[in-house]
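Have a look at the structure below before the remarks.
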Amino acid sequence: MRVLGRFRGGVGHAKFLGAPKTMRRMMRCRWASTEVLTSEDIAHFREEGWLVKDPFFEPDHLRAIRASLEEIHAGGRLANVSTEGDGKTKGEVRNLQICPLSPESDLFRSLPFHPKVSEAMRLLLCDEDTQSVTNYLSQAFWKPPSKGLGTSYHQDNAYFQVSDGSKGAAVWIAVHDATVSNGTLHVARGMHKKGVLPHRRDLASDHHITCDDHIPQSAEVPLEVKAGGVAFFNLDVPHCTKRNATSNRSELKIYLLYVKWIFVIVFSRAAVAYHFVRSDFFRDRAFPLPEDADWRTPVVAGPESSGGVREYGVACDTFQRDADAVLAKV
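Given below as structure tokens:
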């Protein structure tokens, strides 16, 4: 385990290894939150507008995120937002979305309070200890194999209309391995320095907008991210995902002691995204959501954070507990 010899706080190796399983998870999580990003990471993000950290989440945390999203998917909570090219007519399911995601489970409500997530956002967005960070939106996308559509190039700040897009950022979490073949996240290099580009309606979607017309192919950068890794990008970075071109299913054949085992693998691809703004740049919502949407904007980092108590009435900095509860049912 990579943390051996580096854990801080006066707990020796023997005590760390001998601690109960739940306590070891808590200790590991607290350690990780102190070394989330390097100074080079922060410099890259502030210059390029984006950053990949892979791996990022602990394997158990990824399992809990994936299991929670699979449960929501199985329950039919994700909506087909793809259309037949006219922006209205629904046809085959090619792009599933849920927004906001946080109200769907305790785990997704507590995820923006995850120590690594909240600390990363503080490091990326804050210049002083007196500044705080607010979780502005949450969502998930699920693309089926073969026919899955991506989301066209757009800038989050075309929706949010924050006065300075560099004072906000998204964390894009790969729930499954995100590769070029299954339509991983792409960013447009250098285009974040041009401010908010003109957008038009994306007619492949029932509500999205796109700046596709203004993105030169030479600027495209695919960001391949393993499951549990993340990409950060500021609100002015044009980004998209591509079509999931992987096969509908494949067979992985394993021969062991002359017994043939056949595993069927379905290549869906999903990602979860949370968006944040520095609290002094917060503004009222300028984008539409369903009428019954439970849109809340908890402060997750900095001196203004109450751990979710002010916004939800209960403590929400409970990701480890929520992950344990999810995994106990799997």
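Residue numbers (the numbering used here): 824 to 1153. From the three backbone atoms N, C-alpha and C, an ideal C-beta is built for every residue, glycine too.
Where does residue i sit, in a helix, a strand or coil, going by DSSP?
i, result
"residue 1099", "strand"
"residue 1055", "strand"
"residue 936", "helix"
"residue 893", "helix"
"residue 966", "strand"
"residue 848", "Legend: pLDDT at residue 848 = 41, less than 50; position of this residue unreliable, value from coordinates given subsequently. The answer is helix: DSSP assigns residue 848 an H, G or I state."
"residue 1068", "coil"
"residue 1092", "strand"
Could you tell me the distance, in whole angstroms, from the CA atom of residue i to the CA atom of residue j?
i, j, result
"residue 877", "residue 907", "35 Å"
"residue 858", "residue 954", "20 Å"
"residue 1083", "residue 1134", "Here the model assigns residue 1083 a pLDDT of 45, short of 50, so the residue's position is not dependable and the matter cannot be decided."
"residue 924", "residue 863", "31 Å"
"residue 1013", "residue 872", "8 Å"
"residue 1022", "residue 976", "9 Å"
"residue 1103", "residue 1054", "24 Å"
"residue 1121", "residue 886", "25 Å"
"residue 1008", "residue 1034", "15 Å"
State yes or no: is the C-beta of residue i within less than 8 Å of the C-beta of residue j?
i, j, result
"residue 1010", "residue 1095", "no"
"residue 1150", "residue 883", "yes"
"residue 1059", "residue 1018", "yes"
"residue 1139", "residue 933", "yes"
"residue 1097", "residue 935", "yes"
"residue 866", "residue 963", "no"
Quick check: is the beta carbon of residue i nearer than 8 Å to any beta carbon in chain C?
i, result
"residue 909", "Annotation note: the requested chain C is absent from the structure, which comprises a single protein chain."
**Message:** Restricting to runs no shorter than 4 residues, where is the alpha helix (DSSP H) found entirely within the segment 860-888?
**Reply:** Along the segment 860-888, the alpha helix (DSSP H) occurs as fully enclosed runs of 4 or more residues at 862-871, listed in sequence order.
**Message:** List, from N- to C-terminal side, the beta strand (DSSP E) runs of 3 residues or more that fit wholly inside the segment 905-964.
**Reply:** For the segment 905-964, whole beta strand (DSSP E) runs of length 3 or above, ordered along the chain, are 919-921.
**Request:** Count the CB pairs spanning the segment 1120-1135 and the segment 1041-1049 that are closer than 8 Å, and state whether there are at least three.
**Result:** Short answer: they don't touch.
**Prompt:** Does the segment 1047-1061 touch the segment 962-971, meaning 3 or more C-beta pairs lie closer than 8 Å?
**Reply:** They do not touch, by the three-pair rule.
**Asked** For the segment 981-1010, which segments carrying the alpha helix (DSSP H) assignment without a break, of at least 4 residues, lie completely within its bounds, in sequence order?
**Response** List check, alpha helix (DSSP H) in window: nothing returned.
**Item:** Segments of 3+ residues assigned as beta strand (DSSP E) that fall wholly inside the segment 1016-1065
**Value:** Within the segment 1016-1065, the complete beta strand (DSSP E) runs of at least 3 residues fall at 1043-1045, 1053-1057, 1062-1064.
**Asked** Taking three-plus beta-carbon pairs below 8 Å as touching, is the segment 1061-1071 in contact with the segment 948-962?
**Response** Using a Cβ-Cβ distance cut-off of 8 Å, the segment 1061-1071 and the segment 948-962 are not in contact, since fewer than three pairs of beta carbons, one from each stretch, lie closer than that value.
**Asked** Taking one C-beta from the segment 905-922 and one from the segment 1016-1033 each time, how about it: are there three or more such pairs within less than 8 Å?
**Response** Three or more beta-carbon pairs separated by less than 8 Å link the segment 905-922 to the segment 1016-1033, which places the two stretches in contact.
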